[in-house]
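The numbering of the sequence shown is full-length UniProt numbering, which starts it at 1 and goes up by one. We put the beta carbon where it would ideally sit given N, CA and C, even for glycine. Since this is a predicted model, take the numbers as computed values, not measurements. What follows is a set of notes on a single structure, which appears directly below.
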Amino acid sequence: MLRELSGQVFALVRELPKPLSREEMREMKRLCRFLSNTVKDQERKREVRK
(Lines of atoms letter the chains of each structure in order from A and count residues from 1; the text may use other names and numbers.)
(Lines give C-alpha, C1' and ligand atoms only; values in the text may rest on other atoms or scores of the structure.)
Protein backbone atom coordinates (compact mmCIF):
# COMPACT_ATOMS: atom_id res chain seq x y z
CA MET A 1 0.00 0.00 0.00
CA LEU A 2 2.81 2.40 0.86
CA ARG A 3 4.42 1.74 -2.52
CA GLU A 4 1.17 2.61 -4.32
CA LEU A 5 0.78 5.79 -2.31
CA SER A 6 4.34 6.91 -3.00
CA GLY A 7 3.80 6.23 -6.71
CA GLN A 8 0.75 8.49 -6.66
CA VAL A 9 2.72 11.22 -4.90
CA PHE A 10 5.52 10.98 -7.49
CA ALA A 11 2.94 11.28 -10.28
CA LEU A 12 1.42 14.35 -8.63
CA VAL A 13 4.83 15.96 -8.23
CA ARG A 14 5.48 15.47 -11.96
CA GLU A 15 2.18 17.21 -12.73
CA LEU A 16 2.98 20.35 -10.72
CA PRO A 17 3.07 23.54 -12.77
CA LYS A 18 6.61 24.47 -13.77
CA PRO A 19 8.83 26.20 -13.02
CA LEU A 20 9.07 25.64 -9.30
CA SER A 21 11.13 27.87 -7.08
CA ARG A 22 14.37 26.50 -5.64
CA GLU A 23 12.72 26.16 -2.24
CA GLU A 24 9.76 24.26 -3.74
CA MET A 25 12.09 21.94 -5.68
CA ARG A 26 14.13 21.29 -2.55
CA GLU A 27 10.98 20.39 -0.60
CA MET A 28 9.68 18.11 -3.38
CA LYS A 29 13.02 16.29 -3.57
CA ARG A 30 13.07 15.92 0.20
CA LEU A 31 9.54 14.48 0.17
CA CYS A 32 10.33 12.04 -2.64
CA ARG A 33 13.55 10.93 -0.94
CA PHE A 34 11.69 10.37 2.32
CA LEU A 35 8.97 8.31 0.62
CA SER A 36 11.50 6.28 -1.33
CA ASN A 37 13.53 5.50 1.78
CA THR A 38 10.39 4.61 3.74
CA VAL A 39 9.27 2.16 1.05
CA LYS A 40 12.75 0.59 0.97
CA ASP A 41 12.76 0.26 4.76
CA GLN A 42 9.36 -1.45 4.70
CA GLU A 43 10.56 -3.90 2.04
CA ARG A 44 13.70 -4.72 4.05
CA LYS A 45 11.64 -5.37 7.18
CA ARG A 46 9.34 -7.64 5.22
CA GLU A 47 12.35 -9.60 3.88
CA VAL A 48 13.79 -10.02 7.39
CA ARG A 49 10.50 -11.44 8.68
CA LYS A 50 10.48 -14.22 6.05
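With a contact defined as Cβ atoms closer than 8 Å, residue 2 and residue 39 qualify at about 6 Å.
For residue 16, the three-state secondary structure derived from DSSP is coil. Taken through DSSP and simplified to helix, strand or coil, residue 21 comes out as coil. Collapsing the DSSP output to three states places residue 28 in a helix.
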